[in-house]
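Numbering (numbering that gives the first Met the number 0), first residue to last: 0 to 521.
For glycine and all other residues, C-beta sits at the position ideal for the given N, C-alpha and C.
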Amino acid sequence: MSTEFTAPVHSPPGMPTTTSLPDGSPQTKSRKLPPHRKYAKKFLTLPNEILLTISNAVDPEDLPNFRLTCKTLNDVSAKAFGEKRLAHGRFIFTEFSMQGLVDLTAHPVFGPCVREIMFGTHRVTNNLHTLLNRIEKSGITDNDKAMEVLRLFDEKWTRRSDFETRRLEPMLGEALCNLQMWGSGVILGVFDDIQLDPQRKAAHLLGAYGSALEYVSLPFRSMVVSENTALQVIRNVCRNVNFQPKSVALYLHGEEIDQENEEALSSFILDNGQLRPEIDACLEDTFTHIGIVSSQRRLDFRRRSRFGESTDRGEYCNVSLDSFDRPMRRAILSAPYRHLRIESCAVKINELIHILQAYAGTLRVVELIGVYLWVVDKYDAGRCINRVLQCLKDDVQLERLVLDNVKAMHIDYSDGILVAKGRSWHGQQRIQRTLAVLIGYDMYGWDRSYGDEGHDGEVWSWSDEDGDYSKDENVPWDEIENGDWDEVRGENEFEIDGWYNQRLAEEVMNRRARIAMARAEA
């Protein structure tokens, strides 16, 4: 008995393929779809523009029935969809974008799903000199076309300025009142619309709701930071409607926070020169993310990775509070933080010691993960690192210490020297014992592999079996003639013995350090 199979039937784009069966078979009868299901599938294959037009034309009273036409439309109107797709939103200060925010926050299903709202800091420019330069670079030589471009940018500028003056704050206040009605904690903040890569080779526009409509008609994008600081606008509206955000966020592509943004941030999170414990803050510059988590008494530093971007190497992300003015820096360092976490960053020895000593009275947890510690003396990395270890041991009373993939770094090192990997210790006594081992055995107690790190001096390793050196670049080929290996070996016998004895002593010390560490961790 043979079984006949037919070729798959190709479904419309986005639909799964089905396998056709002979007419009249039981499988065919059972798989026939009712009319409403069949037309629902066809409905979803329509272009998005047509679907949007139909949806906008549906009477609000018929929306419940409209959602029941197929499972997909029902799913996108459910809370699960809002929590996944609408929790984090980016907007710009245009009427279209802000109206979308008001509608979203007023929605009975999607409004409570909102968790983070970010506003762009840039707008199109109306600077004549800047626009003329861009017109020339764009290859526009016709005077009429150039004047049309100038009029277009001027209209955009005028419309935006008029909206920010008359309607922006009332609409933002309405949106915040809607969020206040739902009682959910929300993060408010700003982001740079123009995003630069870490090497400053290119820039791109970071999209937000309404940005496509705002810039689609422009032949090119020429933007400047808005005259009205976005964060200051948010702060003013929050005061007017008595709205307190859960956290304040600044995602900026610059080397430091400008004075206007820092003043607005200070008015959010500072009270009489001290950090407010009920409001957190998150700040990102070109490379580094700083998390001021006052509600959990935690300070975080990590490599910037917002919006799917990150720098290539952690040593570019230097931990520092120098970008803040003195009042903000003093407030951060005087906060009673219990937890310090630095991840995928680099930090100078003195800067780290300064931070540790500032929190000496309250700090209980320190996590250094993927951290490069910049040493001053490349020939004496052990002494530099011991300063940090000594501070962790004597100046703070830690209950938990994590040292994972921590490296000593110098500009002349290729990838740093591994200090500790996968180390996690709990309890003050155990931490004291393990740090004492690391300090007492100097670099011999580090987790580096002694067979991998090179030295500045020549390394000789003779093998009688193959008559060669282990490192070809160190072999004095110009002195070797006619395979006279014994003569070369005799001339370098002293160097060979010296290197062997030094390496043997290092391995012995390393083994002793590992035994001592095992006892301390027990």
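- So which of Thr228, Leu178, Gly138 and His203 has the shortest CA-CA distance to Gly160? The question names Gly, yet the displayed sequence has Ser at residue 160. For Ser160, the nearest C-alpha among the options comes from Thr228.
- Query: For the alpha helix (DSSP H) that contains Ser266, what are its first and last residues?
  - Reply: Gln258 to Ile268
- Query: How many angstroms separate the CA atom of Gln562 from the CA atom of Val401?
  - Reply: Residue 562 lies beyond the range of the chain shown here (0 to 521); nothing can be said about it.
- Identity of the residue in Gly444, Glu154 and Gln258 nearest Leu217 by Cα: Glu154
- Keeping to the same chain, check which residues put their C-beta closer than 8 Å to that of Phe152; ignore five residues upstream and five downstream. Excluding its 5 nearest sequence neighbours in each direction, Phe152 has C-beta neighbours in its own chain below 8 Å: Val123, Thr124, Asn125, Leu130, Leu217 and Ser221, listed in chain order.
- Is the beta carbon of Ala380 sitting closer than 8 Å to the one on Ala407? yes
- Message: Along the chain, where does the alpha helix (DSSP H) containing Leu391 start, and where does it finish?
- Response: Ala380 to Asp393
- Please go through the same chain and pick out, in chain order, the residues whose beta-carbon is closer than 7 Å to the beta-carbon of Ser24, but skip the five residues on each side of it. Below a pLDDT of 50, predicted positions are generally treated as unreliable, and Ser24, at 46, falls in that range; the measurement from the model is reported next regardless. None.
- So what's Ser343 in DSSP terms, helix, strand or just coil? coil
- Nearest candidate by alpha-carbon position, reference Gly182, set Tyr336, Phe242, Arg158 and Leu205: Phe242
- Is it true that the segment 278-298 meets the segment 319-339, where meeting means three or more beta-carbon pairs spaced less than 8 Å apart? Flag = yes, the segment 278-298 and the segment 319-339 touch.
- Measure the C-alpha to C-alpha separation of Gly426 and Leu43 and round it to an integer number of angstroms. Each residue's Cα considered, the two are about 60 Å apart.
- Assigned exposure category for Asn260 - 16 Cβ within 10 Å defines buried: buried
- Consult DSSP for Asp477 and reduce its assignment to one of helix, strand or coil. Note that Asp477 has pLDDT 47, beneath the 50 cutoff, so the model's placement of it is unreliable and the number below is only indicative. It is helical.
- Item | For Val436, three-class secondary structure by DSSP | helix
- Task: Classify Tyr250 as helix, strand or coil using the three-state DSSP reduction.
- Result: strand
- Between Phe190 and Arg89, is the Cβ-Cβ spacing less than 8 Å? Contact: yes.
- Item | Three-state class that DSSP yields for Glu398 in the structure shown | coil
- Spatial neighbours of Gln389 within its chain, please: CB distance less than 7 Å, with the 5 preceding and 5 following residues excluded, ordered by chain position. Ile438
- Kindly indicate which residue of Gly415, Arg234 and Ala174 has the alpha-carbon position closest to the one of Tyr378. Looking at the Cα atoms, Gly415 is the closest of the given residues.
- Query: If you draw a straight line from the C-alpha of Pro59 to the C-alpha of Phe80, how long is it?
  - Reply: 20 Å
- Item | Beta-bridge pairing of Met408 - partner residues as DSSP gives them | Trp373
- To the nearest angstrom, report how far apart Arg429 and Arg399 are at their CA atoms. 9 Å
- With a threshold of 16 other CB atoms inside 10 Å of the CB of Asn404, please say whether the residue is buried or exposed. buried
- What is the DSSP secondary structure of Phe300, counted as helix, strand or coil? strand
- CA-CA distance, Val57 and Asn73? 15 Å
- Item | Phe109 versus His409, Lys78, Arg447 and Asn385, residue with shortest Cα-Cα distance | Lys78
- Message: From the DSSP secondary-structure annotation, give me the bridge partner or partners of Ala280.
- Response: Bridge partners of Ala280: Val247 and Ile291.
- Query: So what does DSSP say about Arg422, is it helix, strand or coil?
  - Reply: strand
- Query: Since Phe267 and Arg234 are thought to touch, with beta carbons under 8 Å apart, how far apart are those beta carbons, to the nearest angstrom?
  - Reply: 6 Å
- Item | Cys176 versus Leu103, Glu48, Arg329 and Ala330, residue with shortest Cα-Cα distance | Leu103
- Message: Give me the DSSP bridge partner(s) of Gln427.
- Response: According to the DSSP secondary-structure assignment, Gln427 is paired through a beta bridge with no residue.
- Endpoints, the beta strand (DSSP E) within which Leu553 is located: Lying before the first or after the last residue shown, residue 553 is absent from the chain, which here runs from 0 to 521.
- Candidates Leu351, Gly209 and Thr120: which alpha carbon is nearest Leu100's? Comparing Cα-Cα distances from Leu100 to each of Leu351, Gly209 and Thr120, the minimum goes to Gly209.
- Message: Short of 6 Å in beta carbon distance, which residues of its chain neighbour Cys112, apart from the five on each side in sequence? Order them along the chain.
- Response: Gly81, Glu82, Leu85 and Ala86
- So who's on the other strand from Ile186, going by DSSP bridges? Glu115 and Ser246
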